[in-house]
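Per our numbering, the sequence shown starts with residue 18, numbered consecutively.
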Amino acid sequence: MPGSDGREAPSSAALGDFDWQADLELITAAAREAGRVALSFFGQSPEVWWKNEGQSPVSAADYAANLSLETVLREARPTYGWLSEETDDDPSRLGRETLFVIDPIDGTRAFIAGKDTWCVSVAVVHRGRPVAGILVAPALDEEFTAMLGGPAYRNGAVIRVSATESAGPLKVACAQDMIVGFDPAIRKRIERVEHVPSLAYRLALVADGRIDATLVKRNSHDWDLAAADLILSCAGGSLTDLSGAPLMYNRQDVTHPVLVAASSQVLPELLGSLTPIARS
18 MPGSDGREAP
28 SSAALGDFDW
38 QADLELITAA
48 AREAGRVALS
58 FFGQSPEVWW
68 KNEGQSPVSA
78 ADYAANLSLE
88 TVLREARPTY
98 GWLSEETDDD
108 PSRLGRETLF
118 VIDPIDGTRA
128 FIAGKDTWCV
138 SVAVVHRGRP
148 VAGILVAPAL
158 DEEFTAMLGG
168 PAYRNGAVIR
178 VSATESAGPL
188 KVACAQDMIV
198 GFDPAIRKRI
208 ERVEHVPSLA
218 YRLALVADGR
228 IDATLVKRNS
238 HDWDLAAADL
248 ILSCAGGSLT
258 DLSGAPLMYN
268 RQDVTHPVLV
278 AASSQVLPEL
288 LGSLTPIARS
């Protein structure tokens, strides 16, 4: 299926002999080490700065974890591009077929506040789609991994999205003001899940079947999504825009519109129940 920018997403058959298993092993080791680095700052009141005109915090832990990842990954794969929330964007990535997409700490606000729901997010993206991904949540002692064409894992055990009964309740993680975007029939089935600060971890909860779906407000970024997108897909779910198109990564604009993530069973129902208010 074409992505939201019209490019065709690569299939596992079309990817030939690329060794994504080796890449997964590489990013797993790097993400675990970055998690250890970040955890050493956790609860220690690290220095915090504000970026994006004071809208987004970044801590000394973010920078330290980013440096740890960059040192290992860029040396191991010098031909890969690089896109990280905490590295100045280099437009040369657009000419790279394969790149790393990194969020050294997804859920920085939670991290700074001493909450456990943050994670290190690392993906390998090839021709616009993730092919290997890992989320390491060291404060929760959880690790999610996936590789294109294989299952998704949490701490080494295979995970699957929830098997929601038809017309049954739906555990949905979203802002309260987004629920009104559904038509009344499905709105009454929604059990709103308390806010999960890390978007990547929230998507992993859908993959793990602990929640049924989540809505993502506009202006999420590649680094928030790429690893979790693959993990969700390998667990039997999908992350799409409101037209049902999968996301494409490593574009010039790395932000995304309103998104929906759910099991493949639930997603069409959710997309079909969104009102014009939600789509505007």
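Glycine included, C-beta positions come from ideal geometry on N, C-alpha and C. Just so we're clear, the structure is a prediction, and the values are computed from it rather than from any experiment.
- Scanning the region 132–215 from its first residue to its last, the whole alpha helix (DSSP H) runs of 4-plus residues come out as 193–196 and 201–204.
- Secondary structure of L232 (DSSP, three-state): strand.
- Annotation: G254 is outside any alpha helix (DSSP H); the continuous beta strand (DSSP E) that includes it extends over G254 to D258.
- Under the Cβ criterion (8 Å, minimum of three pairs), the region 113–121 does not count as touching the region 219–228.
- Look at the beta carbons and you see the region 129–139 not touching the region 108–115: under three pairs across the two are nearer than 8 Å.
- The way I'd put it, the region 148–156 doesn't touch the region 172–186; fewer than three beta-carbon pairs between them come closer than 8 Å.
- Straight-line spacing of the CA atoms in A184 and Q193 works out to 21 Å.
- T115: member of the beta strand (DSSP E) spanning T115 to D123, first to last residue.
- Here the alpha carbon of R94 sits roughly 20 Å from the alpha carbon of A81.
- Beta bridge pairing from DSSP links T272 with H238.
- With contacts defined by Cβ atoms closer than 7 Å, S179 and G226 form a contacting pair.
- For the pair A202 and M195, the Cα-to-Cα distance works out to about 15 Å.
- Excluding the 5 residues flanking it on each side, G60 has same chain C-beta neighbours closer than 7 Å at G131, in chain order.
- Residue pairing of V75 in beta bridges, as defined by DSSP: W66.
- In the structure shown, G289 falls within a helical segment according to DSSP collapsed to helix, strand and coil.
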